[in-house]
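The opening residue of the sequence shown carries number 11 in this note's numbering; numbering runs sequentially from there.
Quick reminder that beta carbons are idealized off the backbone N, C-alpha and C, glycines included.
If you're wondering where the values come from, they're calculated on a predicted model, not measured in any experiment.
Some notes on the structure that comes next.
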Amino acid sequence: MIRKKSYGHPFDTEAVVGSYTPLDGPLPFLTEEGGGRFSCPLDEDAVVYGLGENVRGINKRGWIYENACSDNPNHREDARSLYGAHNFLVVDGAQRFGVFVDYPGKVTFDVGYTDSSVLTIQTEEPDLTLYLIDGDSPEDIIRQFRSLVGRSYIPPKWAFGYGQSRWSYMTADEVREVAARYREAGIPLDAIYLDIDYMEGYKDFTVNQDAFPDLSGLSAELKEQGIRLVPIIDAGVKIEPGYPVYEEGVRQGCFCKDEDGADFVAAVWPGRVHFPDVLNEDARRWFGGYYKVLLEQGIEGFWNDMNEPAIFYSEKGLENAFAQIDTYRTENLDIHTYGALQGLVAGLKNSPEDYRSFYHRHKDGLVRHDRVHNLYGYNMTRAAGEAMEALEPEKRILLFSRSSYIGMHRYGGIWTGDNLSWWSHILLNLQMMPSLNMCGFLYTGADLGGFGGDTTEDLLLRWMALGIFTPLMRNHSATGTRRQELYRFPHVEAFRQIVSLRYVLLPYLYSEYMKAALGDGMYFRPLAFAYPEDAFARRVEDQLMVGESVMIAPVYQQNARGRYVYLPERMKLVRFGGSHQAGQNVLETVQEELLEPGHHYIDVALDEVVFFLRPGHLVPVSRGGRCVADVDFTHLKLLGYPEGGCPYELYDDDGFRKDYDDPAHITRIRVDGSGAIHTEGTAGKEIQWL
Ligand code: GLC
11 MIRKKSYGHP
21 FDTEAVVGSY
31 TPLDGPLPFL
41 TEEGGGRFSC
51 PLDEDAVVYG
61 LGENVRGINK
71 RGWIYENACS
81 DNPNHREDAR
91 SLYGAHNFLV
101 VDGAQRFGVF
111 VDYPGKVTFD
121 VGYTDSSVLT
131 IQTEEPDLTL
141 YLIDGDSPED
151 IIRQFRSLVG
161 RSYIPPKWAF
171 GYGQSRWSYM
181 TADEVREVAA
191 RYREAGIPLD
201 AIYLDIDYME
211 GYKDFTVNQD
221 AFPDLSGLSA
231 ELKEQGIRLV
241 PIIDAGVKIE
251 PGYPVYEEGV
261 RQGCFCKDED
271 GADFVAAVWP
281 GRVHFPDVLN
291 EDARRWFGGY
301 YKVLLEQGIE
311 GFWNDMNEPA
321 IFYSEKGLEN
331 AFAQIDTYRT
341 ENLDIHTYGA
351 LQGLVAGLKN
361 SPEDYRSFYH
371 RHKDGLVRHD
381 RVHNLYGYNM
391 TRAAGEAMEA
401 LEPEKRILLF
411 SRSSYIGMHR
421 YGGIWTGDNL
431 SWWSHILLNL
441 QMMPSLNMCG
451 FLYTGADLGG
461 FGGDTTEDLL
471 LRWMALGIFT
481 PLMRNHSATG
491 TRRQELYRFP
501 HVEAFRQIVS
511 LRYVLLPYLY
521 SEYMKAALGD
531 GMYFRPLAFA
541 YPEDAFARRV
551 EDQLMVGESV
561 MIAPVYQQNA
571 RGRYVYLPER
581 MKLVRFGGSH
591 QAGQNVLETV
601 QEELLEPGHH
611 YIDVALDEVV
621 FFLRPGHLVP
631 VSRGGRCVAD
641 VDFTHLKLLG
651 YPEGGCPYEL
661 YDDDGFRKDY
671 DDPAHITRIR
681 VDGSGAIHTE
691 GTAGKEIQWL
């Protein structure tokens, strides 16, 4: 049951689209302390799940999180906020409930940080709506929550292929070379991402004609090879007379305003910019309309960036800083004054003062940005999503964002921003996935190999072995760092096997994704959700369930030859890669072994991927392909641990259209006592044991 209670004058975030029961009386589960503050005791065994994109573990206990969308590339253990604000958590202890704090400004979740036995929630202002959900299990609560906030975004099927990205693909020829070298190396690839360098002077919806003289031609040429181009779109619109997006935006009053009613001036990549007022419906329609410019050049996917929105400096902030800097010129700079001088420049970036100095023209009146800060990325992506709906009503378009709020999950996915080539960030990637799924973000993944810093081959191999399970599987890195396209490393064959395995597993991964999206379920689950009675499983922080049949336990430490894995029940270890001949189909490298419940040390070589199959469960696989379009989804093989009938519902569709709910997409698979495979459904699948 979902109960709703509002306080003060809450802002309508439009996150909620489902039904609930209004509540007038006192709150269940939480104590109302007034002023936007709520608390509850946490018993010793309680586990707290959720909060989406944040640092730390699957169990969020023991830290304080300040959900305020931040352009913060330091995803250290002590970060309090990353790019998204996902204010939903589930307490699973003596009390079991979920709470969604629908409030668009900063919300602080002190999850046993100040006092290990207390959870407190504090909004910046006392105008908010709470949704409280009780249920039989965390999963039941999450499903109810997800029906409240609406169906998760579904990308085209090709977007489940592997993508290569890099900030610094400077020319069309460089992009062609990436495609050619992937094809030469026999490593599957479905997308190449274009970062800000494809634009002319970092201006949205323009293409640098010297570097990319014929984007349509390039896009068609690559599509012939099964590879799509996915350009970035940034939030800031460059101020430049003669640039139509800027001029039209000014003319139509579509930019955010400053205190004096003038268009607010901040700066990002191109220098001075205005921000489209995406909280305003007209401005949203206006900005979204521009995506057409790229759709017309054969583009079928976008990533929206810098939409917290990130601010290098504001015009006013810069003026103030310059004025003050001068006063230090004649000083003997000691620890205090030197620190202050440094702070002057560092403090220009993403300054809270700047976020307090501009306004949106929302349907309910003028609203100061900081009060609705967490809605900007959401509404930028909504602008794009609504435009796609209007421009390409029959076709799925790939869309994901950096910044987000719950509600945005209906319009696009997210990537988890600027991580580093750190081993600890493999684990962070794993731990974030179920938390994001709870909040509705199913199409998600991290920059594989790490965005900042120099990667190493072993890190990349281990990270890819996790990445083949994440719906968004993209290798991305920052300009100036070591290049990390897979063909650049000595063990190209190992990379080929690992990425090929993704394509082998696609029938299962896609089916599990679609069932999660259509049924308000989770694709990645903590072990505790599959084994609620298992007290140890409840504490496992470095293994995950992927869909209903598979458990993964990636290696995330350098120089480790394997790792300890906890098996809550008897499971089948499935191993791919390892000793193979060059060019061999990864499917032929499969080895299987039954393991008893409990703790096992599992050897995993750098060129291997292992996962664990549950008894009575199946995994349909293909023979792979060099891109998603190459994969034969009709003639499938089964991996399984056939005990007790093994029913499996296989979802498949053409991957382009939006007829998601057509029952013809479902094939029911059943294995009888003699091991014979039976299928039911109209899709004509031919399925055999591997
Ligand atoms: C931001 C993005 C990153 C991108 C860079 C340049 O840091 O998070 O992915 O490469 O901007 O556009």
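Handout entry: Whole-angstrom distance between S49 and I131, CA atom to CA atom
Key = Taking the sequence shown and counting its residues from 1, one reaches residue 131 at position 121. Taking the sequence shown and counting its residues from 1, one reaches residue 49 at position 39. If you take the alpha carbons of I131 and S49, they lie about 6 Å apart.
Practice task
Have a look at G593 and I508 and give me their C-alpha separation to the nearest angstrom.
Solution key: Walking along the sequence shown from the start, residue 593 turns up at place 583. Walking along the sequence shown from the start, residue 508 turns up at place 498. Each residue's alpha carbon lies about 12 Å from the other.
Exercise for the section: Quick one: give me the first and last residue of the beta strand (DSSP E) that G108 is part of. Expected result: Looking up residue 108 in the sequence shown gives position 98. For G108, the uninterrupted beta strand (DSSP E) run begins and ends at R106 to D112, by DSSP.
Exercise for the section: Use the C-beta contact count for P148: other C-beta atoms within 10 angstroms, 16 or more gives buried, fewer gives exposed. Expected result: Translated into the one-based positions of the sequence shown, residue 148 becomes position 138. Classification of P148: buried, given that the 10 Å Cβ count is 16 or more.
Problem - Straight-line gap, G463 to S431 (C-alpha atoms, nearest Å) - result: The sequence position of residue 463 within the sequence shown is 453, counting from 1. The sequence position of residue 431 within the sequence shown is 421, counting from 1. Our two residues, G463 and S431, have alpha carbons roughly 5 Å apart in a direct line.
Handout entry: Proximal residues to D268 (C-beta, below 7 Å), its chain only, five neighbours per side dropped
Key = Taking the sequence shown and counting its residues from 1, one reaches residue 268 at position 258. If we look at D268 and ignore the five residues flanking it on each side, its Cβ neighbours are F274, S367 and F368.
Practice task
Tell me, please, whether the region 297-317 touches the region 402-409 by the rule of three or more beta-carbon pairs shorter than 8 Å.
Solution key: As far as the Cβ criterion goes, the region 297-317 touches the region 402-409, which means the pair count is three or higher.
Practice task
Identify whether W73 lies in helix, strand or coil by the three-state DSSP scheme.
Solution key: On the sequence shown, residue 73 is found 63 positions in, with the first residue counted as 1. In the displayed model, W73 falls within a strand according to three-state DSSP.
Practice task
Determine, using beta-carbon pairs with one atom in the region 206-223 and one in the region 245-253, whether at least three such pairs fall under 8 Å.
Solution key: With a cut-off of 8 Å on Cβ pairs, the region 206-223 is in contact with the region 245-253, counting three or more such pairs.
Practice task
Evaluate the contact criterion for the region 98-118 versus the region 133-142: three or more CB pairs, one atom per stretch, below 8 Å.
Solution key: A contact exists between the region 98-118 and the region 133-142.
Problem - Residue range of the beta strand (DSSP E) that includes W433 - result: Numbered from 1 along the sequence shown, position 423 holds the residue referred to as residue 433. In the DSSP assignment, W433 falls outside any beta strand (DSSP E) and carries neither an H nor an E.
Practice task
Look at the Cβ atom of H370, then the Cβ atom of H379, and state whether they are nearer than 8 Å.
Solution key: If you number the sequence shown from 1, residue 370 lands on position 360. If you number the sequence shown from 1, residue 379 lands on position 369. Yes, they are a contact pair.
Practice task
Using alpha carbons as the reference points, say which of W168, I321, P652 and I416 lies closest to A356.
Solution key: The residue you call residue 356 lines up with position 346 of the sequence shown. Closest option to A356, Cα to Cα, is I321.
Problem - Local conformation of L516 per DSSP, three classes - result: Within the sequence shown, numbered from 1, the residue matching residue 516 stands at position 506. Here L516 sits in helix by DSSP.
Practice task
Enumerate, from N- to C-terminal direction, the unbroken alpha helix (DSSP H) stretches of 4 or more residues contained entirely within the region 145-194.
Solution key: Segments of the alpha helix (DSSP H) lying fully in the region 145-194: 148-159.
Problem - Alpha-carbon spacing of I143 relative to A189, whole angstroms - result: Residue numbering aside, residue 143 sits at position 133 when the sequence shown is read from its first letter. Residue numbering aside, residue 189 sits at position 179 when the sequence shown is read from its first letter. For I143 and A189, the distance between alpha carbons rounds to 48 Å.
Exercise for the section: Compare the C-alpha of G28 against each of M11, A56, Y661 and H501 and name the closest. Expected result: Taking the sequence shown and counting its residues from 1, the one referred to as residue 28 is at position 18. It is M11 whose Cα lies nearest to the Cα of G28.
Handout entry: For E87, the nearest candidate out of L583, H96 and N64 (CA to CA)
Key = Mapped onto the sequence shown, residue 87 falls at position 77. N64 is the residue among L583, H96 and N64 whose C-alpha sits nearest the C-alpha of E87.
Handout entry: Inter-stretch contact (C-beta, 8 Å, three-pair minimum) for the region 191-210 and the region 667-684
Key = At 8 Å Cβ cutoff, the stretches do not touch.
Exercise for the section: Quick one: grab the DSSP three-state call for N384. Expected result: Counted from its first residue, the sequence shown places residue 384 at position 374. Note: N384 maps to helix in three-state DSSP.
Exercise for the section: Report the option in V159, E231, P241 and I345 whose CA atom is closest to the CA atom of M209. Expected result: Within the sequence shown, residue 209 is the residue found at index 199, counting from 1. The shortest C-alpha separation from M209 is found at P241.
Practice task
Classify F155 as buried or exposed, calling it buried when 16 or more other Cβ atoms lie within 10 Å of its own Cβ.
Solution key: As a position in the sequence shown, residue 155 is number 145, starting the count at 1. When all chains shown are included, F155 counts as buried.
Handout entry: CB-CB length for H85 against L482, believed under 8 Å
Key = Numbered from 1 along the sequence shown, position 75 holds the residue referred to as residue 85. Numbered from 1 along the sequence shown, position 472 holds the residue referred to as residue 482. The C-beta distance from H85 to L482 rounds to 17 Å, too long to fall under 8 Å, and the pair is not in contact.
Practice task
Give the secondary structure of N314 by DSSP, where H, G and I count as helix, E and B as strand, and everything else as coil.
Solution key: Residue mapping note: residue 314 aligns to position 304 of the sequence shown, counting from 1. DSSP places N314 in strand when its eight states are reduced to three.
Handout entry: R161 vs A527 beta-carbon contact at 8 Å
Key = The residue you call residue 161 lines up with position 151 of the sequence shown. The residue you call residue 527 lines up with position 517 of the sequence shown. Cβ atoms of R161 and A527: closer than 8 Å.
Exercise for the section: Compare the C-alpha of V681 against each of D642, A693 and L648 and name the closest. Expected result: The residue you call residue 681 lines up with position 671 of the sequence shown. For V681, the nearest C-alpha among the options comes from L648.
Practice task
With distances taken Cα to Cα, identify the nearest neighbour of P166 among G654, E184 and G423.
Solution key: Along the sequence shown, read from residue 1 onward, the residue named residue 166 stands at position 156. Considering only alpha carbons, the answer is G423.
Exercise for the section: Report the partner residues of M561 according to the DSSP bridge assignment. Expected result: Residue mapping note: residue 561 aligns to position 551 of the sequence shown, counting from 1. Looking at the DSSP assignment, M561 forms a beta bridge with M555 and F622.
Exercise for the section: Let me know the secondary structure DSSP gives K326 once reduced to three states. Expected result: Locating residue 326 in the sequence shown gives position 316, where the first residue counts as 1. In the three-state reduction of the DSSP assignment, K326 falls in the helix class.
Exercise for the section: Below 8 Å on the Cβ atoms is my guess for L583 versus M555; work out the distance and round it to an integer in Å. Expected result: Stepping through the sequence shown from its first residue, residue 583 is reached at position 573. Stepping through the sequence shown from its first residue, residue 555 is reached at position 545. Between L583 and M555 a beta carbon distance of about 15 Å is seen, past the 8 Å cut, so the two are scored as non-contacting.
Exercise for the section: Please go through the same chain and pick out, in chain order, the residues whose beta-carbon is closer than 6 Å to the beta-carbon of H609, but skip the five residues on each side of it. Expected result: Indexing the sequence shown from 1 puts residue 609 at position 599. These residues qualify, in order along the chain: Y574 and Y576.
Practice task
Classify K525 as helix, strand or coil using the three-state DSSP reduction.
Solution key: Within the sequence shown, the letter at position 515 stands for residue 525. In this structure, DSSP gives K525 a helical state, which the three-state scheme calls helix.
Problem - First through last residue of the beta strand (DSSP E) which encompasses I345 - result: If you number the sequence shown from 1, residue 345 lands on position 335. Looking at the DSSP string, I345 is not in any beta strand (DSSP E); the run it does join, the alpha helix (DSSP H), is I345 to A356.
Exercise for the section: Could you tell me which uninterrupted beta strand (DSSP E) segments, each at least 3 residues in length, are contained entirely in the region 415-455, listed from first to last along the chain? Expected result: Entirely contained in the region 415-455, the beta strand (DSSP E) runs reaching 3 residues are, in chain order, 423-425.
Problem - Cβ-based neighbour list, G417, same chain, cut-off 7 Å, excluding 5 preceding and 5 following - result: Against the sequence shown, residue 417 aligns to sequence position 407. The residues are T23, E24, A25, V159 and Y388.
Practice task
Note the first and the last residue of the continuous beta strand (DSSP E) segment covering Y256.
Solution key: If you number the sequence shown from 1, residue 256 lands on position 246. For Y256, no beta strand (DSSP E) run applies; the uninterrupted alpha helix (DSSP H) run containing it begins and ends at P254 to R261, by DSSP.
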